[in-house]
Structure formats: C-alpha cells, structure tokens
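Colleague: Heads up: take any position in the sequence shown, counting from 1, add 1293, and you land on my numbering.
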Amino acid sequence: MISDEFYDVMFEVSNEERVNIMKALTRETTSFSGLARTLGITTQEVSRHFNRLVESGLATRDGEGHPVLTPYGVIMLRQLGSTMFTTQNKEYFRTHDAAGLPDKFIGRFGELNGATYTDDIMLAIHNSIRIIREAEEYLLDINLPYIASGFPHIKAAYDRGVKGHFLRGADLHVPKEMQDIREEVFPDDFLDYIKREKLLKDRFLEVDVILYMSEKELALLSFPTLNGSYDYRGFTSTDPATLEWCRDLFFYYWDQGAKVPQ
1294 MISDEFYDVM FEVSNEERVN IMKALTRETT SFSGLARTLG ITTQEVSRHF
1344 NRLVESGLAT RDGEGHPVLT PYGVIMLRQL GSTMFTTQNK EYFRTHDAAG
1394 LPDKFIGRFG ELNGATYTDD IMLAIHNSIR IIREAEEYLL DINLPYIASG
1444 FPHIKAAYDR GVKGHFLRGA DLHVPKEMQD IREEVFPDDF LDYIKREKLL
1494 KDRFLEVDVI LYMSEKELAL LSFPTLNGSY DYRGFTSTDP ATLEWCRDLF
1544 FYYWDQGAKV PQ
C-alpha cells in the first residue's frame, strides 16, 4: 500500500518553482536572495517554497545557514528526471509505443534528458551516414532499414577496423533493388573476411525499437507508432548519459539474440 508520504512529496515536487529551487541548489552554494535573482521570483516566494521543501524533508540549511538539499532531496530530484523526459516528450509518447521496453530502462529514462527530438527523416538518414563515416570503434544497429548510400561508408568503416553489431528481426532483409549494390560493395570474400576477423557480428531478435549509434553519437532512437509501423521520428544525442543508456539497451537485447547461421 502506498503511504501518504508518497502523495505528499509528489505534491511538493509538482510545483515548477520548487523543482527549480531544487535544481539550483545542486549547481552552487547560494542564498535566498541569490535564488531569487537566479529564478526571477521574490525572496519571499523563495522562502515560502523552501520552507515547504524543508517540511517534506527535501531541503535544509547547512552549518552556515545556506539552503541545501538533503540526501533524500537529491535522490528525489534525480528520480524526477525520468518523469521529466516523458512529460517533455508527451506528444511523441502519445503516438509512439515504448511500453515494450524493460521496466529497468523506463526507470532510467532520466538519462535521455540530454537527447534531442527530431521529426526530420532525412536528417535521421544523414546522421546515420555521418556517424558511420566518423566511427572509430563500433557501430550498434537495431532494426535500421538498409540505406544503399551508406554501403560504401560501412565498408570504409570495416576497413578502418570499426566493429559492427547488427540486431534485427528475421524479416528485415536487403531490398531486391539494393541487392546488386550490396554485392558490388560487399563481395563474398570481403564478407568472409569481416566475419572471420569478428568485425561483423549479427543476431536475430524481434525488438520494437530502432537504434543506431557509434561510440560517439546516437543517430536515432525511434519507437513504433501505435499501429506497429515506424515513421523514423525519435531522438538523437551526443550526451554521455544518453549514449550509456542506449548502449546498455543494445547489449541487453543482444544477449538475448539468436546467432545468425554463417
């Protein structure tokens, strides 16, 4: 049974100015007047909101009388990050289904606050090709459709020693229209070489997400629309926390994937 304390603290952090005070207190040691200047509200308003945070156990004063967050307040603010990401992208999640993600990754949604939403499909394609050109260590791919113009850049990446991990559903194949281009860029002897050198690894797993990234950048994180199709709208980022979340998600699924017969 959920205690009254849960609803009480949810009420306190539902106020924008109180949350802004909490955020400000994580950045620097300051005073009530300093908070007022930073947030553009009166000292009286700061005092009123701060007292409510104190009553909830989220804030206190340090030995010199400065307003500070309690350890409890620091944890609560960090946990709010997940809800902030979801609410800031409410319109996206009203039309795209991320409910298939494991609970532990939804609980870490706050790590995606450094991601930028994009609804430009051509930009997503451009970003994907660009990170192929710039990759130095690896490329991680879940369900990104084949892009013919990217084949030469992928081959060049393999030539540089970049490792490619590809996780896809069994129905994702190179379209017939691209077969000739792929065979020209990736002749059988080259495919045998990159598999032998463990530069290319691929597995099968049905997963409801598109993810494409290198060690430097997330080109696209996209979820299916409500009818199960993809419109390639989603998120891109170079933020370290976002990259870690995406990398962890990739290998969570990778470990469950079936190896592709050689």
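Glycine included, every Cβ here is placed at the ideal spot set by N, Cα and C. This one's a predicted model, so the numbers in the text were calculated from it and none came from an experiment.
(1) Decide if residue 1360 is buried, meaning its Cβ has at least 16 other Cβ atoms within 10 Å, or exposed.
(2) For residue 1549, which residues in the same chain have their Cβ closer than 7 Å to its Cβ, ignoring the five residues on either side in sequence?
(3) Within the chosen definition, does the stretch 1368-1377 reach the stretch 1337-1347 through at least 3 CB pairs nearer than 8 Å?
(4) Let me make sure I understand the geometry here. Which of 1483, 1342, 1404, 1500 has the alpha-carbon closest to that of residue 1534?
(5) Which two residues bound the contiguous alpha helix (DSSP H) that contains residue 1364?
(6) For residue 1300, count the other beta carbons within 10 Å of its own beta carbon; 16 or more makes it buried, fewer makes it exposed. Which is it?
(7) Using CA coordinates, which residue listed in 1329, 1326, 1316, 1388 is at the minimum distance from residue 1363?
(8) Excluding the 5 residues preceding and the 5 following residue 1342 in the sequence, name in chain order all residues of the same chain whose CB lies nearer than 8 Å to its CB.
(9) Relative to the alpha-carbon of residue 1457, which residue among 1463, 1449, 1464 has its alpha-carbon at the smallest distance?
(10) In three-state terms, what does DSSP make of residue 1441?
(11) Determine contact between the stretch 1522-1538 and the stretch 1395-1413, defined as no fewer than three beta-carbon pairs at a distance below 8 Å.
(12) Looking only at its chain, what residues have a beta carbon closer than 8 Å to the beta carbon of residue 1454, apart from the 5 residues adjacent to it on each side?
(13) What residue range does the alpha helix (DSSP H) around residue 1475 cover?
(14) Label residue 1303 either buried or exposed according to how many other C-beta atoms from any shown protein chain fall within 10 Å of its C-beta, with 16 as the threshold for buried.
(15) Does the beta-carbon of residue 1399 have 16 or more other beta-carbons within 10 angstroms, so that it is buried, or is it exposed?
(16) Alpha helix (DSSP H) containing residue 1546: first to last residue?
(17) State yes or no: is the C-beta of residue 1431 within less than 8 Å of the C-beta of residue 1508?
(18) So the beta strand (DSSP E) residue 1528 belongs to, where does it begin and stop?
(19) Roughly how many angstroms lie between the CA atoms of residue 1511 and residue 1319, to the nearest whole one?
(20) Let me know if residue 1305 comes out buried or exposed under the rule of 16 or more other beta-carbons within 10 Å of its beta-carbon.
Modeller: Reading it off the structure:
(1) By 1-based counting over the sequence shown, the position of residue 1360 is 67. That one is buried.
(2) By one-based count along the sequence shown, residue 1549 stands at place 256. Within the same chain, residue 1549 has close Cβ partners 1498.
(3) no
(4) Taking the sequence shown and counting its residues from 1, one reaches residue 1534 at position 241. Comparing Cα-Cα distances from residue 1534 to each of 1483, 1342, 1404, 1500, the minimum goes to 1404.
(5) The residue given as residue 1364 occupies position 71 in the sequence shown. Per DSSP, residue 1364 belongs to the alpha helix (DSSP H) from 1364-1381.
(6) By one-based count along the sequence shown, residue 1300 stands at place 7. Residue 1300 should be labelled exposed.
(7) Taking the sequence shown and counting its residues from 1, the one referred to as residue 1363 is at position 70. Selected option, being the one with the closest Cα: 1316.
(8) Residue numbering aside, residue 1342 sits at position 49 when the sequence shown is read from its first letter. Contacts found: 1308, 1310, 1311, 1314.
(9) Position 164 of the sequence shown, counting from 1, holds the residue named residue 1457. The option with the nearest alpha carbon to residue 1457 is 1449.
(10) Position 148 of the sequence shown holds residue 1441. Helix.
(11) yes
(12) In the sequence shown, counting from the first residue as 1, residue 1454 sits at position 161. Within the same chain, residue 1454 has close Cβ partners 1492.
(13) Along the sequence shown, one-based indexing puts residue 1475 at 182. First-last of the alpha helix (DSSP H) with residue 1475: 1469-1478.
(14) Translated into the one-based positions of the sequence shown, residue 1303 becomes position 10. So residue 1303 counts as exposed.
(15) Position 106 of the sequence shown, counted from the first residue, corresponds to residue 1399. By the neighbour-count rule (16 or more Cβ atoms within 10 Å), residue 1399 is not buried but exposed.
(16) Locating residue 1546 in the sequence shown gives position 253, counting from the first residue. Taken as a continuous stretch (DSSP letters only), the alpha helix (DSSP H) holding residue 1546 covers 1533-1547.
(17) As a working mapping, residue 1431 is identified with position 138 in the sequence shown. As a working mapping, residue 1508 is identified with position 215 in the sequence shown. Yes, they are a contact pair.
(18) As a first step, residue 1528 must be located in the sequence shown, where it is residue number 235. Counting along the chain, the beta strand (DSSP E) containing residue 1528 begins and ends at 1527-1530.
(19) In the sequence shown, counting from the first residue as 1, residue 1511 sits at position 218. In the sequence shown, counting from the first residue as 1, residue 1319 sits at position 26. C-alpha separation (whole angstroms): 27 Å.
(20) Taking the sequence shown and counting its residues from 1, one reaches residue 1305 at position 12. The residue is buried, with at least 16 neighbouring Cβ atoms inside 10 Å.
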